[in-house]
Structure formats: C-alpha cells, structure tokens
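Asker:
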Amino acid sequence: MKNKSLGFLLLMSFLIAMDFPQQEGFREEFDSDELIHFKYGSTGKTSKFKWKIGEVFDEENKGLSFKLHPREKAGPGKGPELISKDFTHFGTYSARLKVPDPRKSQPQVGAVVGLFTYHEDKVLGLSEIDFEWLIADPRIIYVGTWTGKPDSLRRVGRTINLAEGIIYTSEERLDYARERKPLTDTSPQTIEAIPDFDASSQFHTYGFDWNEERVRWWMIHPVSADTLILWDYQGENGIPQHPSKYRINFWHTANWGVETKPEATEAPKRRYELQVDWMEYRPKVGF
Numbered sequence: 054m055k056n057k058s059l060g061f062l063l064l065m066s067f068l069i070a071m072d073f074p075q076q077e078g079f080r081e082e083f084d085s086d087e088l089i090h091f092k093y094g095s096t097g098k099t100s101k102f103k104w105k106i107g108e109v110f111d112e113e114n115k116g117l118s119f120k121l122h123p124r125e126k127a128g129p130g131k132g133p134e135l136i137s138k139d140f141t142h143f144g145t146y147s148a149r150l151k152v153p154d155p156r157k158s159q160p161q162v163g164a165v166v167g168l169f170t171y172h173e174d175k176v177l178g179l180s181e182i183d184f185e186w187l188i189a190d191p192r193i194i195y196v197g198t199w200t201g202k203p204d205s206l207r208r209v210g211r212t213i214n215l216a217e218g219i220i221y222t223s224e225e226r227l228d229y230a231r232e233r234k235p236l237t238d239t240s241p242q243t244i245e246a247i248p249d250f251d252a253s254s255q256f257h258t259y260g261f262d263w264n265e266e267r268v269r270w271w272m273i274h275p276v277s278a279d280t281l282i283l284w285d286y287q288g289e290n291g292i293p294q295h296p297s298k299y300r301i302n303f304w305h306t307a308n309w310g311v312e313t314k315p316e317a318t319e320a321p322k323r324r325y326e327l328q329v330d331w332m333e334y335r336p337k338v339g340f
C-alpha cells in the first residue's frame, strides 16, 4: 500500500509540476549590483536602507543586507523580502547567513528571520517549507511546513534549542487550532547540543532537502563541518507537493514570542541587520 501511495504522489507531483515554469538550479552570491535569480518583494515601506546587495560585512564576508524599519507595521512581507523569479520544486535548498543579536539593546524585540519556500495556489493551496529564527533568542530554530487551503491549513513543525540540545516540540496542528498532536515517531529523537551555539555569533549554513515523501532540515556543524540533521520528517501528511518560490525575509511580529521569551513582541527600536552570504537551490535529479 505504501508503494502505491508513493507512486501516486510521484505521478501527481509530475503532472502538477508541468503547469509551473521552473528554474534550473542556481546560486545567488549577492556580490554584484543586480539580482540574478531573485526579485525584491516587500509590501512595506520603500526606504532604501531596508536592503542592499554587495554589502561588505567584514574582511571575509560580503552579501545581502536586510534591515528592519523601526516604524514598520507588524506582519510577514512588511519587512525586506526576496523572492525567486521562477518556481522551484523538489531538491536541496541552502543558505549561509547570520542573524542579528538584539539581546543587549532590546531583549524583548519581536522580529523573525525566515528562510523558506512559499506559494499559495488558488486550486492546490499552500506550499511552504521553512526555517525561522526569532532573534530575541538566537539559540533557537523553528523548522516546519504549511500545506492545505485557507480553511484547512496544516502545520507540522519542530522547535529546537541547539545550544542546550533540547527539542521543545515536534507536532502537527490543523487550521491554527489550539489542540496540537505530538509527533513522536520522527527522527532524530534527540539533538546533541552545540555548546554556545548562537545564530548571531557567526555565519552558519542551513538547508533542507524537499522530496515527495519526506523533508529533511539540516545545518553544517560549526566545529566538525559535518551535516547535522535537525529533523527528518516522513509523515503521511504535511509534505508540500506542488512547486513554490524560494524566499528570505525579515519582519516584525507583534504576537509571536520566542519559546524562551513569549513576551518578546516589541516593535524594533533599531535597524537590526540580517546578513546573508549566499542562497542556493539544486533541483532533485531525475524528477
């Protein structure tokens, strides 16, 4: 039965993909004066300081700079955002980035960095896979997916404290429901701590592998350089099947506080900066 289900998914994914013009693999270095594979897509204020490519961060790093506007309204899409020009689908997505550290200047700030795919189709519904960081505590990483139509959205997600090796949650919920279903049969069951891990202390490489029957989130270990698996989700539900668009954004949240600081939802008082070295997409071979 499982093989029949997988075969059906493969067939449906192939037929769906034929309706979306897709981009071959690419890597955006953000070191020139023009974007090649992305376009700017913020719906908020148009201030020039909100984003810049070719920004020099230090002697070794140069790339994309995103800055929050202190007077920006809350909500995803209001802050700076880049969107791939073409659709992407099954394959490997990765990026090297450094989130800002507001803990001394504004420990209760509500701000989200998102590295993700997103496309909402009128017929097929939502296709989203994400990494998210709430910068009030840069030790914590959120990973997950959104699928379904507006009245029946499904979320599967995991919340991890990498500095302490804690998996707070691995769960599924339907349509923003408060009742949540723990996902106990997923791997890895435990995460080894990375002592002093801090997404704001240096650049880190993060990525996810999107396949028809599974999504695997990972990062490059900052000490060993091995691939550290954060979550290998293979559930029956919650895996996007139709093409999406690769994105990165940075925005103010007024109603979502990080796991360790649920009250951290203040509007930013400074132009906190997200730094991105590169973003890459490699399509699945043979699909």
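206 is the number that the working numbering gives to position 153 of the sequence shown; each next residue is one higher, with no gaps.
The C-beta atom is built at its ideal place from N, Cα and C for all residues, glycine as well.
(1) Identify whether F102 lies in helix, strand or coil by the three-state DSSP scheme.
(2) Comparing C-alpha positions only, which one of Q161, P315, P153 and K337 sits nearest to Q255?
(3) Going straight from the alpha carbon of N264 to that of K337, what length do you get?
(4) Look up E326 in the DSSP assignment and say whether it is helix, strand or coil.
(5) With C-beta atoms as the reference, is F250 less than 7 Å away from A216?
(6) Report all residues from its chain with a CB closer than 8 Å to the CB of R324; omit the five preceding and five following residues, and keep chain order.
(7) Is it the case that the Cβ atoms of G260 and Y334 are separated by a distance below 7 Å?
(8) For T96, which of A307, W309, T318 and F303 has the nearest alpha-carbon?
(9) Given 8 Å as the limit, is there contact between the region 85-100 and the region 270-284, that is, 3 or more CB pairs closer than that?
(10) Which residue wins for smallest C-alpha separation from I301, given the options P235, P155, A317 and L135?
(11) In whole angstroms, what separates the C-alpha of S205 from that of S158?
(12) In angstroms with no decimal places, state the Cα-to-Cα distance between L59 and G128.
(13) Nearest to T239 by CA position, among A317, R267, D86 and F184, is which residue?
(14) Between D183 and G167, is the Cβ-Cβ spacing less than 7 Å?
(15) Going by beta carbon distance, what residues of the same chain come within less than 8 Å of K138, once the five residues before and after it are set aside?
(16) Quick one: what's N302 bridged to in DSSP?
(17) For Y221, count neighbouring C-beta atoms within 10 Å of its own C-beta (all shown protein chains included) and say buried if the count is 16 or more, exposed if not.
(18) Taking the beta strand (DSSP E) that W271 belongs to, which residues open and close that run?
(19) Is Q328 near K151, with beta carbons less than 7 Å apart?
(20) On the CB-based measure, 16 or more other CB atoms within 10 Å of its CB, does R233 come out buried or exposed?
(21) Can you round the beta-carbon distance between I188 and V162 to whole angstroms, since I take them to be within the 8 Å contact cut?
(22) At what residues does the beta strand (DSSP E) containing G210 begin and finish?
(23) Which value, in whole angstroms, describes the spacing of the CA atoms of V176 and P296?
(24) Alpha carbon to alpha carbon, how far is E82 from W331? Give it in angstroms, no decimals.
Answerer: Well, looking at it:
(1) Here residue 102 refers to the residue found at position 49 when the sequence shown is read from its first residue. It is helical.
(2) The residue given as residue 255 occupies position 202 in the sequence shown. Across the set Q161, P315, P153 and K337, the C-alpha of P153 shows the shortest separation from the C-alpha of Q255.
(3) On the sequence shown, residue 264 is found 211 positions in, with the first residue counted as 1. On the sequence shown, residue 337 is found 284 positions in, with the first residue counted as 1. Between N264 and K337, the C-alpha separation is close to 8 Å.
(4) Numbered from 1 along the sequence shown, position 273 holds the residue referred to as residue 326. DSSP places E326 in the strand class (E or B) of the three-state scheme.
(5) For the purposes of this step, residue 250 is taken as the residue at position 197 of the sequence shown. For the purposes of this step, residue 216 is taken as the residue at position 163 of the sequence shown. Contact flag set, yes.
(6) Along the sequence shown, one-based indexing puts residue 324 at 271. These residues qualify, in order along the chain: F102, K120, L121, H122 and P123.
(7) As a working note, residue 260 is residue 207 in the sequence shown. As a working note, residue 334 is residue 281 in the sequence shown. Cβ atoms of G260 and Y334: not closer than 7 Å.
(8) Looking up residue 96 in the sequence shown gives position 43. Comparing Cα-Cα distances from T96 to each of A307, W309, T318 and F303, the minimum goes to F303.
(9) Taking a contact to require three or more Cβ pairs closer than 8 Å, the region 85-100 and the region 270-284 do not qualify as touching.
(10) Taking the sequence shown and counting its residues from 1, the one referred to as residue 301 is at position 248. Nearest in C-alpha terms to I301, of all of P235, P155, A317 and L135, is L135.
(11) As a first step, residue 205 must be located in the sequence shown, where it is residue number 152. As a first step, residue 158 must be located in the sequence shown, where it is residue number 105. The alpha-carbon atoms of S205 and S158 are separated by roughly 40 Å.
(12) Along the sequence shown, one-based indexing puts residue 59 at 6. Along the sequence shown, one-based indexing puts residue 128 at 75. With a pLDDT of 48 at L59, under the threshold of 50, the modelled position of that residue is not reliable, and the figure given next carries that caveat. If you take the alpha carbons of L59 and G128, they lie about 37 Å apart.
(13) Position 186 of the sequence shown, counted from the first residue, corresponds to residue 239. Per the Cα distances, R267.
(14) Counting from one through the sequence shown, the residue named residue 183 turns up at place 130. Counting from one through the sequence shown, the residue named residue 167 turns up at place 114. Judged by beta-carbon spacing, G167 lies within the 7 Å limit of D183, meaning their Cβ atoms are closer than that value.
(15) For the purposes of this step, residue 138 is taken as the residue at position 85 of the sequence shown. The residues are Q76, H90, F91 and K92.
(16) As a position in the sequence shown, residue 302 is number 249, starting the count at 1. Answer is E134 and G167, bridged to N302.
(17) Position 168 of the sequence shown, counting from 1, holds the residue named residue 221. Exposed.
(18) Along the sequence shown, one-based indexing puts residue 271 at 218. For W271, the enclosing beta strand (DSSP E) stretches over residues V268 to I273.
(19) As a working note, residue 328 is residue 275 in the sequence shown. As a working note, residue 151 is residue 98 in the sequence shown. Taking 7 Å as the cut-off, the Cβ atoms of Q328 and K151 count as close.
(20) Along the sequence shown, one-based indexing puts residue 233 at 180. Counting of Cβ neighbours within 10 angstroms places R233 among the exposed residues, the total staying below 16.
(21) Along the sequence shown, one-based indexing puts residue 188 at 135. Along the sequence shown, one-based indexing puts residue 162 at 109. By a beta-carbon distance limit of 8 Å, I188 contacts V162. Their separation comes to about 7 Å.
(22) Indexing the sequence shown from 1 puts residue 210 at position 157. Run containing G210: R207 to N214, per the beta strand (DSSP E) assignment.
(23) As a position in the sequence shown, residue 176 is number 123, starting the count at 1. As a position in the sequence shown, residue 296 is number 243, starting the count at 1. A straight line joining the alpha-carbon of V176 with that of P296 spans about 13 Å.
(24) Counting from 1 along the sequence shown, the entry for residue 331 is found at position 278. Counting from 1 along the sequence shown, the entry for residue 82 is found at position 29. Approximately 5 Å between the Cα atoms of the pair.
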